[in-house]
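Chemist:
Protein chains: 2
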Amino acid sequence: MTDDVVTGDVQSIPFGINLSFCVKRWVTPELWAPLVRERLGLDLVQFSYDLADPMWPDAILDRHAAELRRQAQASGITVHSAFIGLAHYTFNQLLHPDHDVRDYAEQWLVRAYRFAALAGIARVGGPLGAIPARLDGTEAEALDAADYADLVARMHRLAEHAKAEGLAELYVEPTPMRREWPWTVAQARRMMDDVAGSAVPWRLCPDWGHGTFEPLYGPDHGAMEPWFRDLADVITAVHIQQTDFLLDRHWDFTVPGKVDPVAAATLLRRTGLAAAPVFLEVFYPFEHDSGSILTALEATSARLKQALA
Amino acid sequence: MTDDVVTGDVQSIPFGINLSFCVKRWVTPELWAPLVRERLGLDLVQFSYDLADPMWPDAILDRHAAELRRQAQASGITVHSAFIGLAHYTFNQLLHPDHDVRDYAEQWLVRAYRFAALAGIARVGGPLGAIPARLDGTEAEALDAADYADLVARMHRLAEHAKAEGLAELYVEPTPMRREWPWTVAQARRMMDDVAGSAVPWRLCPDWGHGTFEPLYGPDHGAMEPWFRDLADVITAVHIQQTDFLLDRHWDFTVPGKVDPVAAATLLRRTGLAAAPVFLEVFYPFEHDSGSILTALEATSARLKQALA
Chain A
1 MTDDVVTGDV QSIPFGINLS FCVKRWVTPE LWAPLVRERL GLDLVQFSYD LADPMWPDAI
61 LDRHAAELRR QAQASGITVH SAFIGLAHYT FNQLLHPDHD VRDYAEQWLV RAYRFAALAG
121 IARVGGPLGA IPARLDGTEA EALDAADYAD LVARMHRLAE HAKAEGLAEL YVEPTPMRRE
181 WPWTVAQARR MMDDVAGSAV PWRLCPDWGH GTFEPLYGPD HGAMEPWFRD LADVITAVHI
241 QQTDFLLDRH WDFTVPGKVD PVAAATLLRR TGLAAAPVFL EVFYPFEHDS GSILTALEAT
301 SARLKQALA
Chain B
1 MTDDVVTGDV QSIPFGINLS FCVKRWVTPE LWAPLVRERL GLDLVQFSYD LADPMWPDAI
61 LDRHAAELRR QAQASGITVH SAFIGLAHYT FNQLLHPDHD VRDYAEQWLV RAYRFAALAG
121 IARVGGPLGA IPARLDGTEA EALDAADYAD LVARMHRLAE HAKAEGLAEL YVEPTPMRRE
181 WPWTVAQARR MMDDVAGSAV PWRLCPDWGH GTFEPLYGPD HGAMEPWFRD LADVITAVHI
241 QQTDFLLDRH WDFTVPGKVD PVAAATLLRR TGLAAAPVFL EVFYPFEHDS GSILTALEAT
301 SARLKQALA
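In C-alpha cells:
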C-alpha cells in the first residue's frame, strides 16, 4: 500500500470528524463546534444522531436543527452528513423480525431526513439493520430473500422521502456481521445495483474497522483494498479508525494498531477515492475521562490531517 | 471478604440474568426465554429496554408486552424488573441541558412503566442521566443545585406514574461518572433521603463494575464493601459482572478479572443483602460471534449459580 510515490502535487483528501466522540459529553452545537474548530483545528463534521434523537417532538428538533445550522455557519464548519449513532444501532432497525418495528425504524429515518434538511445537512446514512441470531448461536450466510426484497423496497421508499426533503445523498454503512447487510463486497455491489435509479442516490460509506474484521473475513482478506478497488464508483465517504482487525475497535490513533494513516491515504488515492471525505469515528467508554479524550483527539487529528493532506 | 465461614445453612442468593446479552441477537421472548431456561438453566430475568423501545407506538408495545408475559409464564421465568439498556443510556436523559429533552426522557420512563405493567413486570430502573462535559474536559464535582432539585422533582413525579401503573419499586443505578448522579455512597444516601416517601419506593441497584472503578474512586476504595455496608437498607437488587476495576467492563466470568464470585456471595451475606437478587449484566461487541457468547454464558451462569447458592 506504500508503493506509490507521494509528491507535492497529490490531491488533498478532505478530512473531518464524526461527532461520536461527543456522545453524552459535548452534546450541543455550542459545545462541539468550538471543540472541533479551535481544539481540533477541523472544519468538516459528520453529525451523529446520538446528539439529537429524530423521535423527539418536532418543536425540540426544529430548535436544535436551527441552532446547529447557526452555530456551524458561525464557526465555519461544514456538516457533510448525519449518521446513525450508537443508540439507534443498538436496535435491529429495518431488519427486525417484527415488520411493525421495521415500519417504526423507517419512520425514524424519515424524521432523521427532516431534521437533517432543517439543519442544512444534505446527506444521511448508517447501517440498515440486523436480523436476529438463531437459538443455537449460528448465523445465516445470506439474508432471506423476502427480507432482502423488503429491505430494498424500503430503501426505494426512503429515497423518495429524502428527495422530498431536498437531500442529496443517502448512505449505507456496511458492517462486519452476517446478521447485518451488506457484509461482503459482492453483497454491497448487488445492493447498489438493486437501488440504482432511486429518487436520491444511495451510496456506500465503508469503515476501516469493518472491512478489515478478520474473525469474519479471515487473515488474507486484503484489508480495505477490495472494498475500495471494487466499489470505488459507489463510495463517496469513508470512516477511518485505529483498530487491530480483531474487533471493530473505533480507537483513536494514539492507540497502537494496524491502520497506518500514510498508507491509508496512498490506498485511497490509488483506488480513485481521494475526493471522498474521510471521517474519523472513535468511541470511548462512557466512564473514560473527558480531558484525556480531547488530548488524544488533538494528536489524532493532527496526525490524520498531515497524512491525508 | 472471605473471612466468613460459608456453611450448608447459609441463605441462597437469588441469581438471574439481565437480557443485555440478547441485544440485537435474541430480541424476542420466543428467542430469549428458551435460552435463559434451557441453555443457561435460569428462571430469573431482568428485562432490557434495548429489546422493546418504550417509544414504539402503543399497538406494538401492547403486543410485545403480552407476548413477553405469555412466554415468561410458559417457560417458568420470573421477570423481576425492566432496566434501561445501552440505547437509552446513550442519551443524557433526565439531566440533558435542554429541559424539553428532559421532559421527553421523563415521558420515555412513563411509557416504560406502562410497558412493564402490561408485561407483568413490577419494577423498573436504570441510570438517571448525565450533564454534559465542559469545553476543557474537566467535570464538576457536584451537580448544580437547580439540576439536582429538578431531578428529585422528576423522581417524585415518576413515582406517581409508577403507582398509577401498579408498579412496586423503582431503581436508581449509580454509575462511576462525575457527570452522572449519584456516583458516591454519600450522594446515593442523600438522594434516597430526598425521594423518601415517594408514591412508589425508589431503591438502589449498585453494579459491581461501577462501585469499583479505580480511575474515579482510587485504589483504596474498598471495592463494593462501602456501598453494600452503608446502603444495605435501600439496596434491593445488584448487578454483577467480571471487571478489572479499570473500566466498566461488563465481562462474563470466563474472562480473568478482580471479581471472585465466592467472595462476592460472602460480602453480600455479611452486609445483609442475601435476599436481594443478583443479576449478571454482560455486554459483548456487536460483531462478537453469537455461538461463543452462549458457550461463555453457560460457564458463567453455572459458576455464579454455584457461588451464590
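For the protein sequence lines, the chains are A and B, in the order given.
Residue numbers for the first sequence follow the UniProt record's numbering, beginning at 1 and rising by one.
Residue numbers for the second sequence follow the UniProt record's numbering, beginning at 1 and rising by one.
Idealized CB from N, CA, C, for every residue including glycine.
In this text, all values refer to a predicted model and were calculated from it rather than measured experimentally.
Specify the secondary structure class of residue 207 of chain B as computed by DSSP and reduced to three states.
Modeler: Numbered from its first residue, the second sequence carries residue 207 of chain B at position 207. Correct three-state label for residue 207 of chain B: strand.
Chemist: List the whole-angstrom C-beta distance separating residue 200 of chain B from residue 250 of chain B, where the pair is believed to meet the contact cut-off of C-beta under 8 Å.
Modeler: Locating residue 200 of chain B in the second sequence gives position 200, counting from the first residue. Locating residue 250 of chain B in the second sequence gives position 250, counting from the first residue. That belief does not hold up - the Cβ atoms of residue 200 of chain B and residue 250 of chain B are roughly 28 Å apart, past 8 Å.
Chemist: Whole angstroms are fine: how far does the CA of residue 209 of chain B sit from the CA of residue 32 of chain A?
Modeler: The residue given as residue 32 of chain A occupies position 32 in the first sequence. The residue given as residue 209 of chain B occupies position 209 in the second sequence. The alpha-carbon atoms of residue 32 of chain A and residue 209 of chain B are separated by roughly 29 Å.
Chemist: Look at the alpha carbon of residue 128 of chain A and the alpha carbon of residue 147 of chain A, and state the distance between them as a whole number of angstroms.
Modeler: Taking the first sequence and counting its residues from 1, the one referred to as residue 128 of chain A is at position 128. Taking the first sequence and counting its residues from 1, the one referred to as residue 147 of chain A is at position 147. Near 12 Å, if we compare the C-alpha coordinates of residue 147 of chain A and residue 128 of chain A.
Chemist: Rounded to the nearest angstrom, what separates residue 294 of chain A and residue 135 of chain B at their Cα positions?
Modeler: Numbered from its first residue, the first sequence carries residue 294 of chain A at position 294. Numbered from its first residue, the second sequence carries residue 135 of chain B at position 135. Taking the straight line from one Cα to the other gives about 9 Å.
Chemist: Please identify, using Cβ separations under 8 Å, the residues of the region 16–37 of chain A that lie next to chain B, in order along the chain.
Modeler: 23, 24, 25, 26, 27, 28, 31, 34, 35
Chemist: Out of A/196, A/261, A/222, state which residue places its alpha-carbon closest to the alpha-carbon of residue 184 of chain A.
Modeler: Indexing the first sequence from 1 puts residue 184 of chain A at position 184. Of the listed residues, the one whose Cα sits closest to residue 184 of chain A is A/222.
Chemist: State the DSSP-derived secondary structure class of residue 63 of chain A, mapped to helix, strand or coil.
Modeler: Translated into the one-based positions of the first sequence, residue 63 of chain A becomes position 63. Helix.
Chemist: Within 8 Å of any Cβ in chain A, is that where the Cβ of residue 172 of chain B sits?
Modeler: Walking along the second sequence from the start, residue 172 of chain B turns up at place 172. Interface residue (Cβ-Cβ distance to chain A less than 8 Å): residue 172 of chain B is not classified as such.
Chemist: Closer than 9 Å by beta-carbon distance: list the chain B residues that pair up with residue 230 of chain A, in chain order.
Modeler: One-based indexing of the first sequence puts residue 230 of chain A at position 230. By Cβ distance, chain B contributes nothing, its closest Cβ being about 22 Å from residue 230 of chain A, past 9 Å.
Chemist: Output the residue ranges of the alpha helix (DSSP H) runs that lie fully inside the region 271–309 of chain A and measure 4 residues or longer, sorted by chain position.
Modeler: Counting only runs of 4 or more, we get 290–308.
Chemist: For residue 15 of chain B and residue 276 of chain B, what's the separation of their Cα atoms in angstroms?
Modeler: Here residue 15 of chain B corresponds to residue number 15 of the second sequence, with the count starting at 1. Here residue 276 of chain B corresponds to residue number 276 of the second sequence, with the count starting at 1. Looking at the two C-alpha atoms, the distance is approximately 9 Å.
Chemist: At a CB distance below 8 Å, what residues from the region 269–285 of chain B approach chain A? Give them in sequence order.
Modeler: 285
Chemist: Quick one: measure Cβ to Cβ for residue 44 of chain A and residue 78 of chain A, integer angstroms, because I've assumed they're closer than 8 Å.
Modeler: If you number the first sequence from 1, residue 44 of chain A lands on position 44. If you number the first sequence from 1, residue 78 of chain A lands on position 78. About 5 Å separates the Cβ atoms of residue 44 of chain A and residue 78 of chain A, confirming a contact at the 8 Å cut-off.
Chemist: Can you have a look at residue 306 of chain B and say buried or exposed, based on whether 16 or more other CB atoms are within 10 angstroms of its CB?
Modeler: Here residue 306 of chain B is taken as the residue at index 306 of the second sequence, counted from 1. With fewer than 16 other Cβ atoms within 10 Å, it is exposed.
Chemist: Measure the alpha-carbon distance for residue 177 of chain B versus residue 131 of chain B and round it to whole angstroms.
Modeler: Locating residue 177 of chain B in the second sequence gives position 177, where the first residue counts as 1. Locating residue 131 of chain B in the second sequence gives position 131, where the first residue counts as 1. Each residue's Cα considered, the two are about 10 Å apart.
Chemist: Assuming residue 278 of chain A and residue 13 of chain A are in contact, meaning their beta carbons sit under 8 Å apart, how far apart are those beta carbons, in whole angstroms?
Modeler: The residue given as residue 278 of chain A occupies position 278 in the first sequence. The residue given as residue 13 of chain A occupies position 13 in the first sequence. So it is a contact: roughly 6 Å between Cβ atoms.
Chemist: Can you tell which of A/247, A/206, A/143 has its C-alpha closest to the C-alpha of residue 230 of chain A?
Modeler: On the first sequence, residue 230 of chain A is found 230 positions in, with the first residue counted as 1. For the residues A/247, A/206, A/143, the minimum Cα distance to residue 230 of chain A belongs to A/206.
Chemist: Kindly indicate which residue of A/220, A/175, A/171, A/289 has the alpha-carbon position closest to the one of residue 198 of chain A.
Modeler: One-based indexing of the first sequence puts residue 198 of chain A at position 198. Here the closest residue by C-alpha is A/171.
Chemist: Just the chain A side, please: which residues come within less than 7 Å of residue 55 of chain B by C-beta, in chain order?
Modeler: Locating residue 55 of chain B in the second sequence gives position 55, counting from the first residue. Within 7 Å Cβ-Cβ: 55.
Chemist: Hey, residue 243 of chain B and residue 258 of chain B are a contact pair by Cβ (cut 8 Å); roughly how many whole angstroms apart?
Modeler: What you label residue 243 of chain B is simply residue 243 of the second sequence in a count that begins at 1. What you label residue 258 of chain B is simply residue 258 of the second sequence in a count that begins at 1. Correct: roughly 7 Å between the Cβ atoms.
Chemist: Excluding the 5 residues flanking residue 196 of chain B on each side, which residues of the same chain have their C-beta closer than 7 Å to its C-beta?
Modeler: Taking the first residue of the second sequence as 1, we reach residue 196 of chain B at position 196. Same-chain partners within the cutoff: there are none.
Chemist: Measuring only between beta-carbons, confirm whether residue 60 of chain A sits less than 8 Å from chain B.
Modeler: Reading the first sequence from its first residue, position 60 is the one you call residue 60 of chain A. Interface residue (Cβ-Cβ distance to chain B less than 8 Å): residue 60 of chain A is classified as such.
Chemist: Could you tell me if residue 6 of chain B is buried or exposed, where buried requires 16 or more neighbouring beta carbons within 10 angstroms of its beta carbon?
Modeler: Translated into the one-based positions of the second sequence, residue 6 of chain B becomes position 6. Note on residue 6 of chain B: pLDDT 48, under 50, position unreliable in the model; no value is reported.
Chemist: Can you give me the start and stop residues for the beta strand (DSSP E) that residue 86 of chain A sits inside?
Modeler: Stepping through the first sequence from its first residue, residue 86 of chain A is reached at position 86. Here residue 86 of chain A belongs to no beta strand (DSSP E); instead the alpha helix (DSSP H) covers 86–89.
Chemist: Whose C-alpha, out of B/81, B/308, B/75, is nearest the C-alpha of residue 167 of chain B?
Modeler: Against the second sequence, residue 167 of chain B aligns to sequence position 167. Checked all of B/81, B/308, B/75; the closest Cα to residue 167 of chain B is B/81.
Chemist: Work out the CA separation of residue 290 of chain A and residue 47 of chain B for me, nearest whole Å.
Modeler: Locating residue 47 of chain B in the second sequence gives position 47, counting from the first residue. Locating residue 290 of chain A in the first sequence gives position 290, counting from the first residue. Cα to Cα, residue 47 of chain B sits roughly 31 Å from residue 290 of chain A.
Chemist: If I'm right that residue 240 of chain B touches residue 204 of chain B with Cβ under 8 Å, what's the distance once you round it to whole angstroms?
Modeler: As a first step, residue 240 of chain B is located in the second sequence; it is residue number 240 there, counting from the start. As a first step, residue 204 of chain B is located in the second sequence; it is residue number 204 there, counting from the start. Not quite, the Cβ-Cβ distance comes to about 15 Å (not below 8 Å), so this is no contact.
Chemist: Is any beta-carbon of chain A found at less than 8 Å from that of residue 310 of chain B?
Modeler: A query on residue 310 of chain B cannot be resolved here, the shown segment of chain B reaching from 1 to 309 and no further.
Chemist: Name the residue from A/273, A/57, A/114 whose alpha carbon lies nearest to the alpha carbon of residue 165 of chain A.
Modeler: One-based indexing of the first sequence puts residue 165 of chain A at position 165. Checking every option, the nearest Cα to that of residue 165 of chain A belongs to A/114.
Chemist: Taking residue 90 of chain A and residue 124 of chain B to be in contact with their CB atoms under 8 Å, please state how far apart those CB atoms are, rounded to whole angstroms.
Modeler: As a working mapping, residue 90 of chain A is identified with position 90 in the first sequence. As a working mapping, residue 124 of chain B is identified with position 124 in the second sequence. Incorrect: roughly 18 Å between the Cβ atoms, too far for contact.
Chemist: Going along the chain, which unbroken runs of the alpha helix (DSSP H) with 4 or more residues stay wholly within the region 117–177 of chain A?
Modeler: 145–164
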